[in-house]
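Residue numbers (my numbering): 20 to 503.
The C-beta atom is built at its ideal place from N, Cα and C for all residues, glycine as well.
Keep in mind it's a predicted model, so treat the numbers as computed, not measured.
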Amino acid sequence: METVLNCTSGTLDPYAPSAAWPWDRQRAAHLYRRLGFGAPFQVLEQALTQNPVSLADSLVDAALNAPLSPPPAWANWTYNDYDNFTEQLEEQFVEWLRTWVTDMLDNPLRGKLTLFWHNHFVTEFDAYVCPSYLYRYHKVLQQHCLGNFKEFVYEMGKTPAMLVYLNGLQNSKNAPNENYARELYELFTLGADNGYTQQDIVETARALTGNTLITAACGDIYFNPFDWDNGPKTIFGQTGNWGYGDVVDILFEQRGEEIADFICSKIYRYFVHPEVDENIVSGLAETFINNNFELEPVFRQLFLSEHFFDEAVLGVRVKSPLELTLGFLNESNLPIGPEMKELAIYTSGQLGQTLSIPVNVAGWPGNRAWISNSTLTARWNTIAYLMYVAFLQDAELYRTLAQGLAGDPNSNMPELVAGAIIEQFIPIGLQTPELYERAYIVFKADIPENYYATGQWNLNWETAPYQVTLLLDYLNRLPEFQLA
20 METVLNCTSG TLDPYAPSAA WPWDRQRAAH LYRRLGFGAP FQVLEQALTQ NPVSLADSLV
80 DAALNAPLSP PPAWANWTYN DYDNFTEQLE EQFVEWLRTW VTDMLDNPLR GKLTLFWHNH
140 FVTEFDAYVC PSYLYRYHKV LQQHCLGNFK EFVYEMGKTP AMLVYLNGLQ NSKNAPNENY
200 ARELYELFTL GADNGYTQQD IVETARALTG NTLITAACGD IYFNPFDWDN GPKTIFGQTG
260 NWGYGDVVDI LFEQRGEEIA DFICSKIYRY FVHPEVDENI VSGLAETFIN NNFELEPVFR
320 QLFLSEHFFD EAVLGVRVKS PLELTLGFLN ESNLPIGPEM KELAIYTSGQ LGQTLSIPVN
380 VAGWPGNRAW ISNSTLTARW NTIAYLMYVA FLQDAELYRT LAQGLAGDPN SNMPELVAGA
440 IIEQFIPIGL QTPELYERAY IVFKADIPEN YYATGQWNLN WETAPYQVTL LLDYLNRLPE
500 FQLA
């Protein structure tokens, strides 16, 4: 089990920039990496002119107000609507992943939250194999990602994707299936072995029976009262003729504190630091309970806090494959058209993160689990490939990137240019002068030193785009590049 030292400080009070805790490019980049998938340098420059608390507040507002992804033409298709199920299935699956990634880019925080909850309320497309189910599942994630968590739990349990994935469709009074009841407690609300017993699972499974009626493959799943166990059940010490809604009510009434601690701890590990600060989580949990399990106040309190902007929080999480690929494209300010979206989806999948297909019901472990000897090499090659594709499309994009970061289109100071590129892509910079010097040497390439010494070289040289790619590929292979 990994141990990561948490040396953070600061409280949940709103962040107030100071000489010790300045509002600078590092913290601005941190905000956009954690609340989305990075940002171009122009966005970071604009961010520095704003109050950080107001900016974070506006990002939450934008997530709340973002329109849902438009429904596809096949949103309500059943198997009977297909001419060629296998072929059209694949087309629709890819179409929706492209839509999903588009939302991540267009609505960064809403996209990040949707991804977070996708890895919490896990379903696997391979288990239900219905594009209409995928769309409806994703819609619930978008609708409730900043809403009321109790309603989120209730609605998620009714989605066809979840009913099929965790065997609710087979859960009848004559053959109760405990799968969803167990995961409802262990993974979705309380955490493993935290406030429930095996008998609670047994009784809950009985209460959840009855969602067994389906008239067409990939069609709606209906409640069948003849398959529902209408006998008395005892859940968390309360006895009654409970059904699904009763289960959710009893769970939140009887185990509210446990739910708040479990969910706020998970939010903290994902958005702040892999090692939980119990005091901070306790404060978030109190906010969660006091607001009747509304998520928005919790996220707003966290993202506006001085704790969130503590220097010790910067660059402590390993990027997921989607954070790696989309973050690089965003931070490079490269055009992200259909081809690049397809590449981001494909390469992220090759690195172990295909949207709608987590590794198992517990989801992707995340953080350091993303890195191994084989995946690290693959991550290097993935970024190198994305760079290569963009270079072939328009090499001048790399010159433009360097000119913007340097703040001077005619800069003839290679160390300044390379330093600005490093600051854009490495969360806390390089840790020693020697590391910076190596990066400068890479950027200078094989151009004789006298051209730099005399000021003849500048960013308008023909070699400049190539030099930028050399430096980016060098940075890509540093451990610091893998962090967010």
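Check	Outcome
By Cβ distance below 7 Å, which residues in the same chain neighbour C26 in space, the five residues on each side in sequence not counted?	A331
Which same chain residues, not among the five before or five after Y341, have their C-beta less than 6 Å away from its C-beta?	Note that residue 341 is Leu in the sequence shown, not Tyr. S367 and Q372, listed in sequence order.
For the alpha helix (DSSP H) that contains T473, what are its first and last residues?	Looking at the DSSP string, T473 is not in any alpha helix (DSSP H), and its letter there is neither H nor E.
If you follow the alpha helix (DSSP H) that G176 is in, where does it begin and where does it stop?	F168 to K177
If you scan the stretch 187-216 from start to end, which runs of the alpha helix (DSSP H) of 4 or more residues do you find wholly inside it?	198-202
Taking the straight line between their C-alpha atoms, what separation do you get for E21 and I390?	For E21, the predicted structure reports a pLDDT of 49, less than 50, and the residue's modelled location is therefore unreliable. The matter cannot be settled from this model.
Given V221, which residues of its chain have a CB within under 7 Å of its CB, disregarding the five upstream and five downstream residues?	E197
For T253, list the residues DSSP reports as bridge partners.	T258
Over what stretch of residues does the alpha helix (DSSP H) that includes W399 continue unbroken?	N392 to Q412
If contact is defined by three or more beta carbon pairs under 8 Å, each pair taking one atom from either stretch, is the stretch 413-431 in contact with the stretch 348-365?	yes
So C283 is in the alpha helix (DSSP H); what residue range does that whole segment cover?	G275 to F290
Using the Cα positions of S191 and G214, report the straight-line distance between them to the nearest angstrom.	26 Å
Do K131 and G250 have their C-beta atoms within less than 8 Å of each other?	no
Where does the unbroken alpha helix (DSSP H) through E64 begin, and where does it stop?	F60 to A66
Could you check if P89 is buried or exposed, using at least 16 other CB atoms within 10 Å of its CB as the buried criterion?	exposed
Mapping DSSP to helix, strand and coil, what is Y101?	coil
Kindly list the residues whose CB is nearer than 8 Å to the CB of E174, restricted to its own chain and excluding five residues on each side of it in sequence; keep chain order.	V159, Q162 and H163
For V335, which residues of its own chain have a beta-carbon under 6 Å away from its beta-carbon, when the five flanking residues on both sides are left out?	H292
Note the first and the last residue of the continuous alpha helix (DSSP H) segment covering G302.	E297 to N309
Who does V337 pair with in a DSSP beta bridge?	L502
What number of angstroms, rounded off, separates the C-alpha of A200 from the C-alpha of D329?	39 Å
With a cut-off of 8 Å, do at least 3 Cβ pairs link the stretch 303-321 to the stretch 165-180?	yes
Near S284, what residues of its chain come up, given a Cβ to Cβ distance below 7 Å and the 5 sequence neighbours on each side ignored?	V295 and V300
Could you check what DSSP says for Y51 in three-state terms: helix, strand or coil?	helix
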